[in-house]
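Heads up: the structure comes next, in structure tokens.
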Amino acid sequence: MSSSLRLSPSHQRLPVGLLLLLLPSPASSTHSSASRRLIVQLPAGHPPRRCSVAAQALEPAALLERCGGDAAKLARQLSKEQLKTLCASHGLAVGGTKADLAPRLLAALQQPATPAVRAAPAVRAAPRRAPRLPQRVKAGEGRPAGSSPPPLREKAAVAEALPSQSTGCDWELTVLGSGSCNPTPWRGASCNALRVKDSIWLFDVGEGTQVQMQRCMIKASLIDRIFITHAHGDHCFGLPGLLCLISRGRRADAPPLEIYGPQGLRNFVRMSVRFTRTRMLPAYVVHELHGIPSERGRHPGGMEVEPEPWGGTTRAGAAWGEQPGGRDLSPEDVRRWWTLFDDAELGVRVSAAPVRHTVPCVGYVVKEADQPGRLLPEKVMPHLQANARAIRESMGVRDPRALLKQIKQLGADEVFELPDGTRLVGREVIGQPRRGRKVVLLGDCSDASPADFLGAGADVLLHEATNAYLPWFGDRGGAHELERTTISHGHSTPQMAGLAARRMGARSLLLSHFSQRYHPAALGVMRAIKKLAVDSSQLGEDCVATAYDALTIPLWQTDKGRKPFEIAQEAPLEQHPTAGYLPETFDTIEQTQ
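Below, the structure is given as structure tokens:
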């Protein structure tokens, strides 16, 4: 037999994981545990859904009995979604892998409940960082009589169940702000998030970055490093507030947040937190790049180094979050470039190089170490299958495929011998080493040539394109006049960005830092800007893209044969993320193109 539950209208939208929480405990059921499979009876028009998880599996007492206090066993018995649902129901954080969720849930289940807690209602407060879903009511309709908002824990679980924006790649670049000067509803101030495996690094933190991060579902607690390109407000005004947001979800034993930027950044952070009497701060250190040239001088050999304009130094203090260990980095080469760190665990090195702007400014280069070659299954699997029985008998391995990981670790001259005498030589069964990925993220610039040396061969170049000459858009004076004016302000045109990509030999170019006059949903405008860069870079149409807020780009490994802009195609106008802010003037321009 199967026990069944008839859903009321208020429960029709709940996820299956939450429906299981509403079922009666095993003790109250008259059916045997062997036959306790659940059929959730949905309203008319919905087929029944069968759940393979026993009702007793979600009862705290039964969970403890089944796993015997072993978190690893609990993780094997429950899916990740079930663990997240149970954590949310106990007011716990729902982030992380199954290995993180299981111990967290087990610790909560093992804590004895006080009588006051036992008598409390079943509804618990949501985790402090859980997103809140808005209640939507159709125009002209009020809330039905007797209805009430769903419990907070249910809202949290529903939010966690929303589809992920991840592309499935272990490196992703998310544009949080693609505009220049000031944030607007359609373009935020400069900020880009690079996810390297489980770490998130921010490049520039313009005003409004906190809001953009929540919009893109980027967890502040996962941010490990922040890189500031220069001291203009649209690239750093969001930093003090972001530090407060990071502190809310960061573990107390987490390593200090590392912040990199031009000389004077350390004083900026110190003065900001002290002036506002901010105490809600994570532990952090600031590393300053000294000797960055400015636009005043002439290249080569290095532009003129601007004197420090800040005067005295504000004292640091652990009470204000800052930890000892901040470094003052000097140029390592006559070309003026800095190696910020080389992370052996991640296999990533980050360097900086100057670019020409009205204030000292740098671009950052993220370089992945070369990766070992991939195992060639067509050279290995036939031999493993031919030796399957002998492998089971002589090596005690039930599935021959379990040996693939060991074979993949062979050196070029190392040999793995199979029971029948077959010798698998590393160089014959493993492909050539793979070139590591390289991402170049430049700050504002009117000339990026000082960074050409470090940026050579970039897989993705992020370059500004603040202004473009579009005569049908109302521009007057000619392309040369607009370029001259743009350069005088320390910025670039799409053609200049394309030339920089050609000099560096970049494989793809992402344009950003647009004037706020260029609405991202004005597709005719953005196509024209893209074409200017395509023509000057000599890259294909599918290798150049114009950024918009919330765009996420996968950075595939070089041997995958996939281009980073495959998913960066423009959306239809009515489906564009910012279409709701489209002014009528842009709509008119679209119709004339």
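Residues -29 to -1, 1 to 564 in mature numbering (1 follows the signal peptide of the UniProt record, and there is no 0) are what the sequence shown spells out, letter by letter. C-beta: ideal position from N, C-alpha, C; glycine also. The model shown is predicted, which means the values in this text are computed figures rather than measured ones.
Inter-residue spacing [alpha-carbon to alpha-carbon] between residue i and residue j
{"i": "His484", "j": "Pro343", "result": "36 Å"}
{"i": "Glu316", "j": "Gly367", "result": "33 Å"}
{"i": "Thr464", "j": "Gly159", "result": "19 Å"}
{"i": "Tyr440", "j": "Thr457", "result": "10 Å"}
{"i": "Leu232", "j": "Leu252", "result": "Here residue 232 turns out to be Gly, not Leu, going by the sequence shown. The alpha-carbon atoms of Gly232 and Leu252 are separated by roughly 19 Å."}
{"i": "Thr138", "j": "Lys168", "result": "12 Å"}
{"i": "Pro264", "j": "Trp308", "result": "11 Å"}
{"i": "Pro134", "j": "Gly449", "result": "With a pLDDT of 43 at Pro134, under the threshold of 50, the predicted position of this residue should be treated as unreliable, though the coordinate-derived value follows. Going from the Cα of Pro134 to the Cα of Gly449 covers about 47 Å."}
{"i": "Leu34", "j": "Ala59", "result": "16 Å"}
{"i": "Leu355", "j": "Leu375", "result": "9 Å"}
{"i": "Arg269", "j": "Asp418", "result": "For Arg269, the pLDDT reaches just 44, beneath the cut-off of 50, and the residue's location in the model is therefore unreliable, although a value from the coordinates is still provided. Rounded to the nearest angstrom, the two C-alpha atoms are 12 Å apart."}
{"i": "Gln183", "j": "Ala521", "result": "8 Å"}
{"i": "Arg196", "j": "Ala323", "result": "14 Å"}
{"i": "Val515", "j": "Leu144", "result": "15 Å"}
{"i": "Asp71", "j": "Thr180", "result": "28 Å"}
{"i": "Ala383", "j": "Ile401", "result": "8 Å"}
{"i": "Gln234", "j": "Leu260", "result": "6 Å"}
{"i": "Val326", "j": "Gly445", "result": "30 Å"}
{"i": "Ala43", "j": "Ala78", "result": "13 Å"}
{"i": "Glu303", "j": "Thr310", "result": "8 Å"}
{"i": "Asp313", "j": "Glu36", "result": "46 Å"}
{"i": "Pro154", "j": "Glu178", "result": "7 Å"}
{"i": "Asp513", "j": "Ala191", "result": "32 Å"}
{"i": "Leu482", "j": "Asp341", "result": "27 Å"}
{"i": "Leu80", "j": "Arg222", "result": "21 Å"}
{"i": "Phe208", "j": "Ala427", "result": "31 Å"}
{"i": "Gln403", "j": "Leu346", "result": "10 Å"}
{"i": "Leu494", "j": "Val146", "result": "18 Å"}
{"i": "Gln377", "j": "Arg406", "result": "22 Å"}
{"i": "His451", "j": "Ala492", "result": "27 Å"}
{"i": "Thr150", "j": "His490", "result": "For clarity, residue 150 is Gly in the given sequence; the question names Thr instead. The alpha-carbon atoms of Gly150 and His490 are separated by roughly 9 Å."}
{"i": "Met188", "j": "Gly67", "result": "14 Å"}
{"i": "Ala361", "j": "Cys140", "result": "38 Å"}
{"i": "Thr473", "j": "Leu503", "result": "What sits at residue 473 in the sequence shown is Arg, not Thr. For Arg473 and Leu503, the distance between alpha carbons rounds to 13 Å."}
{"i": "Lys55", "j": "His206", "result": "36 Å"}
{"i": "Lys379", "j": "Glu339", "result": "20 Å"}
{"i": "Arg447", "j": "Leu453", "result": "8 Å"}
{"i": "Gln294", "j": "Trp157", "result": "37 Å"}
Identified DSSP bridge partners for residue i
{"i": "Gly334", "result": "Ala324, Leu413"}
{"i": "Asp314", "result": "Val319"}
{"i": "Glu303", "result": "Bridge partners of Glu303: none, in fact."}
{"i": "Arg394", "result": "Glu388"}
{"i": "Ala516", "result": "Leu481"}
{"i": "Pro525", "result": "Glu143"}
{"i": "Glu173", "result": "The sequence shown places Leu at residue 173, rather than the Glu named in the question. DSSP lists Ala164, Ile197 as partners of Leu173."}
{"i": "Leu346", "result": "Ile401"}
{"i": "Trp309", "result": "Ala323"}
{"i": "Cys293", "result": "Note that residue 293 is Glu in the sequence shown here, rather than Cys. Glu293 pairs with Tyr255."}
{"i": "Glu339", "result": "Val319"}
Nearest-angstrom beta carbon gap, residue j and residue i [assumed within contact, 8 Å]
{"i": "Asn358", "j": "Leu395", "result": "Actually they do not touch by this definition, with Cβ atoms about 11 Å apart."}
{"i": "Arg245", "j": "Trp291", "result": "6 Å"}
{"i": "Pro227", "j": "Tyr255", "result": "5 Å"}
{"i": "Val257", "j": "Gly297", "result": "5 Å"}
{"i": "Arg478", "j": "Ala429", "result": "7 Å"}
{"i": "Ile194", "j": "Leu173", "result": "6 Å"}
{"i": "Leu63", "j": "Arg75", "result": "5 Å"}
{"i": "Leu381", "j": "Gly397", "result": "4 Å"}
heavy atom of the ligand ATP below 6 Å from residue i C-beta
{"i": "Pro353", "result": "This structure simply doesn't include the ligand ATP, nor any ligand for that matter."}
Mind listing, in chain order, the continuous beta strand (DSSP E) runs of no fewer than 3 residues lying wholly within the stretch 180 to 263? 194 to 198, 228 to 233, 255 to 260
Run through the stretch 401 to 471 for me and flag every whole alpha helix (DSSP H) of 4 or more residues, listed as ranges in chain order. 423 to 426, 450 to 459
What are the uninterrupted segments assigned as beta strand (DSSP E) that are 3 or more residues long and contained completely in the stretch 138 to 167, given in chain order? 142 to 148, 162 to 167
Hey, is the stretch 405 to 412 in contact with the stretch 521 to 532, meaning 3+ C-beta pairs nearer than 8 Å? yes
State whether the stretch 418 to 438 contacts the stretch 211 to 228, with contact taken as three or more CB pairs (one from each stretch) at a distance under 8 Å. no
Touch check for the stretch 431 to 440 and the stretch 468 to 487: three-plus C-beta pairs under 8 Å? yes
Assess, as a yes-or-no matter, whether the stretch 489 to 504 is touched by the stretch 363 to 383 under the definition of 3 or more beta carbon pairs within less than 8 Å. no
Contained alpha helix (DSSP H) runs [length at least 4] in the stretch 33 to 86, N- to C-terminal order: 42 to 48, 51 to 60, 69 to 81
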